[in-house]
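S.K.: In terms of our numbering, the sequence shown opens at residue 141 and continues consecutively.
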Amino acid sequence: MKYLIFSDVHGNLFGLERVLQFARQNAIDRLYCLGDLVGYNGFPRECIERIRRYSIPCVKGNHEGLLLGELSGFSRIAERAQHSLRVTRNLLSAEEKAFLQNLPFSLSLDDQVVCVHANLWDVKQTVNTVEKARRNFEGMRERRLQIVFFGHTHRPEAFVADRECQTIERLQEVSRITIETDRYYLINPGTVGVPRHGLPFSFVVYDTVNQQVTYHPFRLTDEEEQLLARRNREVFGGFSIRRLPAQLRERIRKFYYTLSK
């Protein structure tokens, strides 16, 4: 079997269409989505429609939980995320919201392979350090899982542990992982919606016959980038410094303060 696993679509129809095109052209048996269909970009309804049309199993992400009011902490997320979720909430129909509400927390590919959004226990806590990975590996050992696919951080990377969960390796620039029977794996496919830190869009293909997980990075065309930006302006409105991350806002303020001296 060949499974295509992708995450963090965030209303980016062009990124999602790239995934669907790859699946059609490469004999993919099944697709799985690791959540966060909504937020940030202006095609939430279209992305939900594609997921439903092609019956793609999908877990619930933190952005679904925040949009539906199921998670606390809405006021603590970035202003850009808050604004996009407020607008998206008004765009979606009752049926579309019900679809998001009914998404499961996790999905099983088989007895030893599971898909989640952020980690084994909730949809908000990131797995971005060896120590955080260790806690998940210990949970995997208790549940007799070998592979967990997770998203949330938008970073294509993996953590690999020995059977005692004592030695853990973090793989940050990885193109292919060969699954070994005496190892545990936490694998993040990256994002097809909102890349960060200069990284490309990406997803993975898990080949159960060859026991390999292969990363597939990609970038949007200039035209797609322009169309996405135009759509976002139409849906969410123009630029606002309040919607930028706090660190970037502070840099801009310091820059203008320096100019005014």
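C-beta atoms are modelled at their ideal positions from N, C-alpha and C, and glycine is treated no differently.
Would you check if the stretch 203 to 212 and the stretch 229 to 240 touch, i.e. whether three or more CB-CB distances between them fall below 8 Å?
M.R.: Verdict: yes, contact present.
S.K.: Look at the alpha carbon of Asp148 and the alpha carbon of Val332, and state the distance between them as a whole number of angstroms.
M.R.: Taking the first residue of the sequence shown as position 1, residue 148 is located at position 8. Taking the first residue of the sequence shown as position 1, residue 332 is located at position 192. Straight-line Cα distance between these residues: approximately 6 Å.
S.K.: Using the C-alpha atoms, what's the distance from Gln312 back to Leu338?
M.R.: To locate residue 338, count along the sequence shown from 1; it is residue 198. To locate residue 312, count along the sequence shown from 1; it is residue 172. Just to set this straight, residue 338 is Gly in the shown sequence, not Leu. Spanning the two alpha carbons is a distance of roughly 14 Å.
S.K.: Taking buried to mean at least 16 other C-beta atoms within 10 Å of its own C-beta, is Ala167 buried or exposed?
M.R.: Here residue 167 is taken as the residue at index 27 of the sequence shown, counted from 1. The residue is exposed, with fewer than 16 neighbouring Cβ atoms inside 10 Å.
S.K.: Taking 8 Å as the cut-off, decide whether the C-beta atoms of Pro340 and Arg359 are in contact.
M.R.: Residue mapping note: residue 340 aligns to position 200 of the sequence shown, counting from 1. Residue mapping note: residue 359 aligns to position 219 of the sequence shown, counting from 1. Yes. Within cutoff.
S.K.: Report the rounded CA-to-CA distance for Val270 versus Asn230, giving the unit in angstroms.
M.R.: Looking up residue 270 in the sequence shown gives position 130. Looking up residue 230 in the sequence shown gives position 90. Using only the alpha carbons, I get a separation of about 39 Å.
S.K.: Note down the Cα distance separating Gln222 from Val178, rounded to an integer number of angstroms.
M.R.: One-based indexing of the sequence shown puts residue 222 at position 82. One-based indexing of the sequence shown puts residue 178 at position 38. So the alpha carbons of these two residues sit roughly 12 Å apart.
S.K.: Name the DSSP bridge partner or partners of Gln352?
M.R.: For this step, residue 352 is matched to residue 212 along the sequence shown. For Gln352, which the question treats as bridged, DSSP gives the partners Thr318 and Asp347.
S.K.: Can you tell me whether Asp250 is helix, strand or coil according to DSSP?
M.R.: Numbered from 1 along the sequence shown, position 110 holds the residue referred to as residue 250. DSSP places Asp250 in strand when its eight states are reduced to three.
S.K.: For Leu232, collect the residues of the same chain with a Cβ closer than 7 Å to its Cβ; drop the 5 residues on either side in sequence, then sort them by chain order.
M.R.: Translated into positions along the sequence shown, residue 232 becomes position 92. Excluding positions up to five away in sequence, the list reads Pro184 and Arg185.
S.K.: Output the boundary residues of the alpha helix (DSSP H) element that contains Ala301.
M.R.: Here the question's residue 301 lines up with position 161 in the sequence shown. Segment Pro296 to Asp302 is the beta strand (DSSP E) holding Ala301; no alpha helix (DSSP H) there.
S.K.: Rounded to whole angstroms, what's the CA-CA distance from Arg371 to Gly182? Just pull it up for me.
M.R.: Looking up residue 371 in the sequence shown gives position 231. Looking up residue 182 in the sequence shown gives position 42. Going by the C-alpha atoms only, they are around 6 Å apart.
S.K.: Using a Cβ-Cβ cutoff of less than 8 Å, which residues in the same chain neighbour Arg316 once the five nearest sequence positions on both sides are dropped?
M.R.: Reading the sequence shown from its first residue, position 176 is the one you call residue 316. Gln352, Val353, Thr354 and Tyr355, listed in sequence order.
S.K.: Restricting to Cα atoms, I'd like to know which of Phe299, His294 and Thr293 is closest to Arg275.
M.R.: The residue labelled residue 275 in the question sits at position 135 within the sequence shown. That would be Phe299, whose Cα lies nearest to the Cα of Arg275.
S.K.: In terms of residues, what are the limits of the alpha helix (DSSP H) holding Lys237?
M.R.: The sequence position of residue 237 within the sequence shown is 97, counting from 1. Lys237 -> alpha helix (DSSP H) spans Ala234 to Gln241.
S.K.: Hey, quick one: how far does the beta strand (DSSP E) through Leu144 stretch, first residue to last?
M.R.: Your numbering for residue 144 matches position 4 in the sequence shown. That run of the beta strand (DSSP E) goes Lys142 to Phe146.
S.K.: Quick one: grab the DSSP three-state call for Val227.
M.R.: Position 87 of the sequence shown, counting from 1, holds the residue named residue 227. Note: Val227 maps to helix in three-state DSSP.
S.K.: Output needed for Val159: all residues of its chain with C-beta closer than 8 Å, excluding positions within five of it in sequence on either side, in chain order.
M.R.: Position 19 of the sequence shown, counted from the start, is the residue given in the question as residue 159. Excluding positions up to five away in sequence, the list reads Leu144, Phe146, Leu171, Val332 and Phe343.
S.K.: Quick check on DSSP: helix, strand or coil for Leu311?
M.R.: Here residue 311 refers to the residue found at position 171 of the sequence shown. Three-state result, Leu311: strand.
S.K.: Note down the Cα distance separating Glu278 from Glu235, rounded to an integer number of angstroms.
M.R.: Translated into positions along the sequence shown, residue 278 becomes position 138. Translated into positions along the sequence shown, residue 235 becomes position 95. In a straight line, the C-alpha of Glu278 is about 38 Å away from that of Glu235.
S.K.: Since I believe Cys198 is in contact with Leu156 (beta carbons under 8 Å), could you give me their beta-carbon distance rounded to a whole number of angstroms?
M.R.: Here the question's residue 156 lines up with position 16 in the sequence shown. Here the question's residue 198 lines up with position 58 in the sequence shown. Contact flag wrong, Cβ pair sits at about 11 Å.
S.K.: Among the residues of its own chain, which have a CB less than 6 Å from the CB of Thr318, if the five just before and after it don't count?
M.R.: Residue numbering aside, residue 318 sits at position 178 when the sequence shown is read from its first letter. Counting only Cβ-Cβ distances below 6 Å, and skipping sequence neighbours, we find Gln352.
S.K.: For Asn259, which beta-bridge partners are listed by DSSP?
M.R.: Locating residue 259 in the sequence shown gives position 119, counting from the first residue. Answer by DSSP bridge pairing: none, since Asn259 is not bridged.
S.K.: Considering just the uninterrupted stretch of the beta strand (DSSP E) at Asn268, what are its terminal residues?
M.R.: As a first step, residue 268 is located in the sequence shown; it is residue number 128 there, counting from the start. Looking at the DSSP string, Asn268 is not in any beta strand (DSSP E), and its letter there is neither H nor E.
S.K.: Is the Cβ of Lys237 closer than 8 Å to any Cβ of chain B?
M.R.: Given the protein chain composition of this structure (a single chain), no chain B is represented.
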